[in-house]
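A.B. asks: Each number in our numbering corresponds to the 1-based position in the sequence shown with 16 added.
Cβ atoms here follow ideal geometry from the backbone N, Cα and C, with glycine treated the same way.
Pasting in a structure now, in structure tokens, and then I'll have a few things to ask.
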Amino acid sequence: MPYHSSEDIEPIKQLIENRKVNEYIRGAALEALLVLVAQGVISKEEVIQYYAKLYSAFTQEEGDYLWTELVSSSAQLSASELKEEMDKAFKQDLIDPFFLDEEDVNDDLQLGTEAALSKLRENPRYSFIENVVSEMENWSCFKSEQVSQEDDSFLLPELLTLLAVTKKSKKKAKKKRKMQEQSRRRNRSKKK
Numbered sequence: 017m018p019y020h021s022s023e024d025i026e027p028i029k030q031l032i033e034n035r036k037v038n039e040y041i042r043g044a045a046l047e048a049l050l051v052l053v054a055q056g057v058i059s060k061e062e063v064i065q066y067y068a069k070l071y072s073a074f075t076q077e078e079g080d081y082l083w084t085e086l087v088s089s090s091a092q093l094s095a096s097e098l099k100e101e102m103d104k105a106f107k108q109d110l111i112d113p114f115f116l117d118e119e120d121v122n123d124d125l126q127l128g129t130e131a132a133l134s135k136l137r138e139n140p141r142y143s144f145i146e147n148v149v150s151e152m153e154n155w156s157c158f159k160s161e162q163v164s165q166e167d168d169s170f171l172l173p174e175l176l177t178l179l180a181v182t183k184k185s186k187k188k189a190k191k192k193r194k195m196q197e198q199s200r201r202r203n204r205s206k207k208k
């Protein structure tokens with residue numbers, strides 16, 4: 017059932033703000049707002065205003081997935097007015113660098129409003145689901161053929177390598193930010 021007014025998004029907002037709800041569901045609700053913007057149901061400005069409220073309301077306890085989703089969604093809207101909040105989230109190490117980095121955010125922000133909205137509209141991910149069966153028929157969980165564990169055993173070494181690389185890159189990114197912060201402090205103290 018399509019939305020007809022901005023009052024209809026209150027249940028989505030309640031879902032996003034409910035800390036008892038799984039973070040992935042809350043993240044999907046954040047993305048649902050992008051769908052509504054892309055489909056012209058609600059305005060970009062209304063969502064940006066709401067995201068600004070979330071930057072103030074969210075805590076570190078929200079977890080990096082939800083913070084990453086908030087920053088990513090803000091960037092996809094080319095919400096340059098939220099740049100300071102996005103930078104702060106990166107500085108506080110709230111963003112998962114495996115999924116999003118500052119360069120991605122800056123690229124999205126440089127698009128500008130019209131290009132960002134056009135990009136959202138062109139992406140099928142941000143369209144309404146018209147036919148549930150055709151949308152889900154290729155999902156592996158609905159396939160009758162089950163892959164045996166023997167068939168996917170070759171994936172294990174690759175997954176372990178990927179996890180190790182991810183942990184290393186997180187540590188490296190954190191170490192780099194710490195060094196940059198220390199350097200800034202030294203430079204500030206020299207100026208005084």
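Taking the C-alpha atoms as reference points, what is the distance between Asn-122 and Ile-111?
C.D. replies: Roughly 14 Å separates the two Cα atoms.
A.B. asks: If you follow the alpha helix (DSSP H) that Trp-83 is part of, which residue opens it and which one closes it?
C.D. replies: Unbroken alpha helix (DSSP H) run through Trp-83: 80 to 92.
A.B. asks: Taking just the CA atoms, how far does Val-51 sit from Lys-141?
C.D. replies: First, the residue type needs correcting, since residue 141 is Arg and not Lys in the sequence shown. Looking at the two C-alpha atoms, the distance is approximately 8 Å.
A.B. asks: Between the stretch 124 to 142 and the stretch 24 to 40, can you find at least three pairs of beta-carbon atoms closer than 8 Å?
C.D. replies: As far as the Cβ criterion goes, the stretch 24 to 40 does not touch the stretch 124 to 142, which means the pair count is below three.
A.B. asks: Please classify Phe-74 as buried or exposed, where buried requires at least 16 neighbouring CB atoms within 10 angstroms.
C.D. replies: Buried, by the Cβ-count rule.
A.B. asks: Do Tyr-81 and Gly-43 come within 8 Å of each other at the CB atom, strictly closer than that value?
C.D. replies: For Gly-43 and Tyr-81, yes; Cβs fall inside 8 Å.
A.B. asks: Is the CB-CB distance between Glu-94 and Ala-132 below 8 Å?
C.D. replies: In the sequence as displayed, the identity of residue 94 is Ser instead of Glu. Taking 8 Å as the Cβ cut-off, Ser-94 and Ala-132 qualify as a contacting pair.
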